[in-house]
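Protein sequence lines correspond, in order, to chains A and B. The opening residue of the first sequence carries number 0 in numbering that gives the first Met the number 0; numbering runs sequentially from there. The opening residue of the second sequence carries number 0 in numbering that gives the first Met the number 0; numbering runs sequentially from there. Glycine included, every Cβ here is placed at the ideal spot set by N, Cα and C.
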Amino acid sequence: MFYREAGDFKVSYQQDSQTFPIKFDRYRYYAVMAFAFLVVPFVINDYWANAILLPFLIYSIAAIGLNILVGYCGQVSLGTGGFMAVGAYACYKLMTAFPDVSMIIHVLLAGGVTAVVCVGFGLPSLRIKGFYLAVATLAAQFFLVWLFNRVPWFYNYSASGQISAPERDVFGVIITGANATATATYLFCLVFLVLCALIARNLTRGTIGRTWMAIRDMDIAAEIIGVNPLKAKLTAFAVSGFFIGISGALFFAIYLGAVEVGEVFGINKSFLVLFMVIIGGLGSIFGSFAGAAFLVLLPVVLKVVGVDILGWPTDIVAHLQLVIVGALIIVFLIMEPHGLAQLWRVAKEKLRLWPFPH
Amino acid sequence: MKKTLSTLALGVAMAAGPAMADLVFPSLSYRTGPYAAGGIPFADGYADYFTLLNERDGGIGGVMTRLVECETGYNTEKGVECYESTKGEGALVYQPLSTGITYQLIPKVTADDIPMHTMGYGRTSAANGDVFSHVFNYPGNYWNGASGVVNYLLEANNGDINGKKISLVYHNSAYGKEPIRTLEELAKKHGFELSLLPVDHPGQEQKSQWLQIRRDRPDYVVMWGWGVMNQVAIQEAANIRFNMENFIGVWWSGAEHDVLSAGDKANGYKAVTFHNVGRDFPVFEDIQKYVVDTGKAAGAGDQIGNVLYNRGMYAAMLAAEAVKTAQEIHGTADITPAMMRDGMEALEITEEKMAGLGMPNFGPSFTVTCENHGGPGLVGVTQWDASSKTWSLISDFKPTDTEVIGALIAEDSGAFAAENNIESNCK
Numbered sequence: 000m001f002y003r004e005a006g007d008f009k010v011s012y013q014q015d016s017q018t019f020p021i022k023f024d025r026y027r028y029y030a031v032m033a034f035a036f037l038v039v040p041f042v043i044n045d046y047w048a049n050a051i052l053l054p055f056l057i058y059s060i061a062a063i064g065l066n067i068l069v070g071y072c073g074q075v076s077l078g079t080g081g082f083m084a085v086g087a088y089a090c091y092k093l094m095t096a097f098p099d100v101s102m103i104i105h106v107l108l109a110g111g112v113t114a115v116v117c118v119g120f121g122l123p124s125l126r127i128k129g130f131y132l133a134v135a136t137l138a139a140q141f142f143l144v145w146l147f148n149r150v151p152w153f154y155n156y157s158a159s160g161q162i163s164a165p166e167r168d169v170f171g172v173i174i175t176g177a178n179a180t181a182t183a184t185y186l187f188c189l190v191f192l193v194l195c196a197l198i199a200r201n202l203t204r205g206t207i208g209r210t211w212m213a214i215r216d217m218d219i220a221a222e223i224i225g226v227n228p229l230k231a232k233l234t235a236f237a238v239s240g241f242f243i244g245i246s247g248a249l250f251f252a253i254y255l256g257a258v259e260v261g262e263v264f265g266i267n268k269s270f271l272v273l274f275m276v277i278i279g280g281l282g283s284i285f286g287s288f289a290g291a292a293f294l295v296l297l298p299v300v301l302k303v304v305g306v307d308i309l310g311w312p313t314d315i316v317a318h319l320q321l322v323i324v325g326a327l328i329i330v331f332l333i334m335e336p337h338g339l340a341q342l343w344r345v346a347k348e349k350l351r352l353w354p355f356p357h
Numbered sequence: 000m001k002k003t004l005s006t007l008a009l010g011v012a013m014a015a016g017p018a019m020a021d022l023v024f025p026s027l028s029y030r031t032g033p034y035a036a037g038g039i040p041f042a043d044g045y046a047d048y049f050t051l052l053n054e055r056d057g058g059i060g061g062v063m064t065r066l067v068e069c070e071t072g073y074n075t076e077k078g079v080e081c082y083e084s085t086k087g088e089g090a091l092v093y094q095p096l097s098t099g100i101t102y103q104l105i106p107k108v109t110a111d112d113i114p115m116h117t118m119g120y121g122r123t124s125a126a127n128g129d130v131f132s133h134v135f136n137y138p139g140n141y142w143n144g145a146s147g148v149v150n151y152l153l154e155a156n157n158g159d160i161n162g163k164k165i166s167l168v169y170h171n172s173a174y175g176k177e178p179i180r181t182l183e184e185l186a187k188k189h190g191f192e193l194s195l196l197p198v199d200h201p202g203q204e205q206k207s208q209w210l211q212i213r214r215d216r217p218d219y220v221v222m223w224g225w226g227v228m229n230q231v232a233i234q235e236a237a238n239i240r241f242n243m244e245n246f247i248g249v250w251w252s253g254a255e256h257d258v259l260s261a262g263d264k265a266n267g268y269k270a271v272t273f274h275n276v277g278r279d280f281p282v283f284e285d286i287q288k289y290v291v292d293t294g295k296a297a298g299a300g301d302q303i304g305n306v307l308y309n310r311g312m313y314a315a316m317l318a319a320e321a322v323k324t325a326q327e328i329h330g331t332a333d334i335t336p337a338m339m340r341d342g343m344e345a346l347e348i349t350e351e352k353m354a355g356l357g358m359p360n361f362g363p364s365f366t367v368t369c370e371n372h373g374g375p376g377l378v379g380v381t382q383w384d385a386s387s388k389t390w391s392l393i394s395d396f397k398p399t400d401t402e403v404i405g406a407l408i409a410e411d412s413g414a415f416a417a418e419n420n421i422e423s424n425c426k
């Protein structure tokens, strides 16, 4: 009834190719943006920022990055944790070497460094596919973690091998370290997420995105119709690496503040982000958000329900959490292999016909 | 869906709001994951001591204590979540039992004005209270432990370990890397050869490290392990028939569960310690009477008297004594975290006090000052007897090389102060 194309007249090419062609969708998008930028910053507290919203925002960026590589270009990667570590360490080295430069530039540069590293590890993708590529990226994961543990230069020769983010500000507002306010860190990450999502959305709708999807669907056919696989695959690795690097930098500098590479950016992180992409939906920007929200919120909700409401022992809740998350992943893979994004798509299709389904 | 879940969580967070007039002690425990074997007894001891205070004395100074347990799984992200969710409840002191989480929380607790006690772990240079105003690591730290190991070896060799080969098997993390700098300094001073063998998280894979040890034939092996890594290392040492007498662990590598799995072969394995072991203290009778018999024991209740249970209980005792000190200083029973910090900084543990608590000679007597948050750093040595399945103290608590350690603490804390523009806290 209210969710339909009819009556919403497009009078220019810009309007015809806009991201949200349906009016209701468009207003919903504006409402979400207004809520995120104008309401949340005023009601947010430390708990909400550090336990829920920052991880959600940052994992969303990582999931978008991985979704470009896996979901849009079909190149399976298990190196996300390692690439996030590259972003984190690049950001740390830049922060400590150039304390006066704005954090925005550091985070972007960290993304750039990761893009370069990611392209380097993406080179084998030109020769190998599928499982073999997954193993090659797995090697990247282990190599990078080993590297950051082994070479003291990366952690500025600190005794413990940890990196800690010193206090830095953007336009005079402190955004790293313990004195940063919840509002500042939230807004900083939100801006990056919105920009990344906009870029990703528009890249995937354009020429580059179409070449990625052509490679994903059938690389030989894509090559025959004139898609350059070298360019397509390496741009996917570069763009994906850029986003993952940004997320790694934010994860270290804004969210955690101190990082131990083996623990924070281990293989578990790679799998977690991959689960987000798979549960959320391969090849969907909305899916990246949904997957990140699902896997960030679920443990918190289970903990709140189990420990705070039902008063169960913490260890039982922690074990139940593993069981429930594991079971849900299996259920999702069987019932809805296209992820939460597909549920959303189906809901929209139904909504379009509602209230007259026939 | 995202929104409904968040509103649900918000409603719950509101409903579980703070109850007033309690002394709140958050316990960032880990009863799951590869480090649970060490996390469980510590958390049980910590919880049981506060239960004992509530049941026997009616709290501390007439105010009941309340323990808020939060599972971290030794994971820093969950540690942050736990910190944020408990600090609003008026948490008096944090004891995360994880060096990684400690590093994370040092700037946060300082900004939030909540003290943190990292007993025998965490950032060693936090012993310098002039720089780290809210972090305490009395009565001993990693570098005391490293020096204690070397001192013990010196003693065993009549004061000369020149030319001896010592291998350090360590957890490849901030925790395991902490002692390296001290051991390197001590190697220079005493002329022993130090070789470093890192073991990656979680530590089940140690074949290559022990092959290396078999090839190098070191005179002594020192271990800086935690969790499942300890059991594996002791098993591997038994497999290559390394003499357990010459294998010595830090205090996080010296509990019952670490050695039991290797059976008789673990006999003679040693570990340093900063508190006493065993059940031979009057306080355990009270715990039996007020906590176990009333069915209020934490966890499965099967850890009482274990090394790490004792450590958890010791941590709780020191926290409770700091509360008493704070109550005296500020003249109010219902103290705030800031008052707790003052109490910790003025804490004085004497032999009479410990005896009065039913814990005679349980740990060293010491005084905390504004400059010295690290205590005296006295280190004893325990040894495992596989036939009677007990740890016993074989070397009493002795001073460590404060000259070397003090210089390193001054250097490291000075670097931290310069990096973070910290003014002197004590003037």
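Am I right that residue i and residue j are in contact with their C-beta atoms under 8 Å? What's the rounded C-beta distance?
i	j	result
residue 108 of chain B	residue 93 of chain B	6 Å
residue 95 of chain A	residue 165 of chain A	7 Å
residue 268 of chain B	residue 241 of chain B	Between residue 241 of chain B and residue 268 of chain B the Cβ distance is about 10 Å, and since that is not below 8 Å, they are no contact.
residue 247 of chain A	residue 102 of chain A	With 8 Å as the limit, residue 247 of chain A and residue 102 of chain A do not qualify as a contact, their Cβ atoms being about 14 Å apart.
residue 34 of chain B	residue 225 of chain B	6 Å
Below 7 Å on C-beta distance, what does residue i contact in chain A?
i	result
residue 88 of chain B	Neighbours of residue 88 of chain B on chain A: none; closest Cβ ~11 Å, over 7 Å.
residue 106 of chain B	176, 177, 256
residue 110 of chain B	177, 178
residue 103 of chain B	255, 256, 257
Can residue i and residue j be called in contact, C-beta distance under 7 Å?
i	j	result
residue 73 of chain A	residue 215 of chain A	yes
residue 146 of chain B	residue 399 of chain B	yes
residue 385 of chain B	residue 265 of chain B	yes
residue 260 of chain A	residue 61 of chain A	no
residue 314 of chain B	residue 118 of chain B	yes
residue 79 of chain B	residue 167 of chain B	no
residue 25 of chain A	residue 19 of chain A	yes
residue 312 of chain B	residue 325 of chain B	no
residue 333 of chain B	residue 62 of chain B	yes
Anything in chain A within Cβ reach of residue i, meaning under 8 Å, just list it in chain order.
i	result
residue 204 of chain B	Going along chain A, no residue has its Cβ under 8 Å from residue 204 of chain B, so there is no contact; the nearest lies around 12 Å.
residue 180 of chain B	158
Return the residue from the list the options that minimises the CA-CA distance to residue i.
i	options	result
residue 361 of chain B	B/279, B/233, B/135	B/279
residue 125 of chain A	A/75, A/318, A/322	A/75
residue 17 of chain A	A/200, A/187, A/111, A/134	A/200
residue 270 of chain B	B/243, B/129, B/355	B/243
residue 240 of chain A	A/350, A/77, A/53	A/77
residue 378 of chain B	B/340, B/148, B/295	B/148
residue 390 of chain B	B/425, B/248, B/288, B/374	B/248
residue 115 of chain B	B/130, B/136, B/202, B/288	B/136
residue 411 of chain B	A/51, A/330, A/157	A/157
residue 143 of chain A	A/120, A/110, A/49	A/120
residue 214 of chain B	B/194, B/256, B/405	B/194
residue 251 of chain A	A/298, A/177, A/320	A/177
residue 295 of chain B	B/25, B/197, B/43, B/219	B/43
Quick one: using the 10 Å Cβ neighbour count with 16 as the cut-off for buried, is residue i buried or exposed?
i	result
residue 417 of chain B	exposed
residue 97 of chain B	buried
residue 340 of chain B	buried
residue 112 of chain B	exposed
residue 9 of chain A	exposed
residue 210 of chain B	exposed
residue 423 of chain B	exposed
Does the beta-carbon of residue i, which I'm using as the reference point, lie nearer than 6 Å to any heavy atom of the ligand SAM?
i	result
residue 141 of chain B	Here there are no bound small molecules, and the ligand SAM is not part of this structure.
What residues of chain B sit near residue i, judged by a beta carbon separation below 8 Å?
i	result
residue 165 of chain A	418, 419
residue 318 of chain A	31
Anything in chain A within Cβ reach of residue i, meaning under 9 Å, just list it in chain order.
i	result
residue 300 of chain B	Chain A residues near residue 300 of chain B: none, gap ~12 Å exceeds 9 Å.
Residues of chain B with CB under 9 Å from residue i, in chain order?
i	result
residue 348 of chain A	Here the premise fails: no neighbours, minimum Cβ distance about 17 Å.
residue 218 of chain A	Those within 9 Å of residue 218 of chain A in chain B number zero; the least Cβ separation is about 35 Å.
residue 335 of chain A	Under the 9 Å cutoff, chain B gives no residues; its nearest Cβ is about 13 Å from residue 335 of chain A.
residue 46 of chain A	12, 80, 83, 84, 86, 87
Give me the chain B residues within the contact set of residue i, using Cβ-Cβ distance strictly less than 7 Å, ordered along the chain.
i	result
residue 314 of chain A	30, 31, 70
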